[in-house]
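Heads up, the sequence shown is in my numbering, so the first residue is 1 and it goes up one at a time.
C-beta atoms are modelled at their ideal positions from N, C-alpha and C, and glycine is treated no differently.
Okay, so here's the structure we're looking at.
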Amino acid sequence: MRIFKKLFSQLNVNHVRYLVVGGMAVNLYGIERATADIDMVLALDKENLHKFIEVAKALGLKPKIPVRLDDLSNDQKRKEWAETKNMTVFSLYDPQNPFLILDVFIEEPFDFEEVYKFRKKFKFEDVTIPVVPVKELIAMKEKTSRPQDEADAFHLKKIMREWKNEK
């Protein structure tokens, strides 16, 4: 988690609107499991994407595919990637730290603005990490057919039941 702290800190300082999803979100909700990357959904408006790209450049992050990082802000290119390459995420890595992999969704898998209002804020040391609400995370997990996602959804539902029983 420490290697990601600087990323979250810089995104927050630069007012990037984002939500952590995927395995790290599952971990933050209290389910321990290995995850090798950060999955993130961004607000895909030009201003937010520009801020995100500037942070990524400042941190030395590079696209894993042979495209320019600035291409992420191009609506037409993202649409083309989704349609012709079946791409769902834009992957970035840190050449200085191969353990830092960031997968950014190129299309919003949900109404970002609506879901963002109900984000869960987790604290890691002095950094706040905005995470997709658990119900939306379960819905995302249930849309795939991967065994790990099915297991994640099962455990997240179990945690939700425990929360209800505590009330």
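C-beta contact flag for residue i and residue j at 8 Å
i	j	result
Leu44	Ile129	no
Asp39	Gly22	yes
Ala153	Lys141	yes
Arg17	Val26	no
Glu113	Val41	no
Asn14	Lys51	yes
Phe31	Leu156	Looking at the sequence shown, residue 31 is not Phe but Ile. Against a cut-off of 8 Å, the Cβ pair of Leu156 and Ile31 comes out as a contact.
Extent of the continuous alpha helix (DSSP H) run through residue i
i	result
Gln118	Correcting the residue type first, residue 118 is Phe in the shown sequence and not Gln. Where Phe118 is concerned, there is no enclosing alpha helix (DSSP H), given that its DSSP letter is neither H nor E.
Ile53	46 to 58
Leu156	147 to 166
Residue from the options with nearest C-alpha to residue i
i	options	result
Asp111	Lys79, Glu166, Ala139	Ala139
Leu72	Gly30, Thr84, Phe90, Leu59	Phe90
Asp103	Gln10, Leu11, Lys5, Val20	Val20
Glu54	Gln148, Ala153, Asn12, Val134	Asn12
Val115	Ala36, Trp81, Arg17, Val132	Val132
Phe4	Ala36, Ile31, Gly30	Ala36
Lys46	Ala58, Gln76, Val26, Val127	Gln76
Lys57	Gln10, Glu125, Met160, His155	Gln10
Leu83	Arg68, Gly30, Ile106, Pro63	Reading off the sequence shown, one finds Glu at residue 83, where the question assumed Leu. It is Ile106 whose Cα lies nearest to the Cα of Glu83.
Asp70	Met87, Leu92, Lys157	Leu92
Asp94	Gly30, Lys62, Lys79	Lys62
Bounding residues of the beta strand (DSSP E) (the contiguous stretch that carries residue i)
i	result
Leu19	18 to 21
Leu102	97 to 105
Val41	38 to 42
Phe129	The sequence shown places Ile at residue 129, not Phe. That run of the beta strand (DSSP E) goes 127 to 131.
Residue(s) in a DSSP beta bridge with residue i
i	result
Ser91	Asp103
Lys62	Tyr93
Lys123	Thr128
**Report entry** the segment 94 to 108 in contact with the segment 116 to 126 per 3-pair CB rule at 8 Å
**Finding:** no
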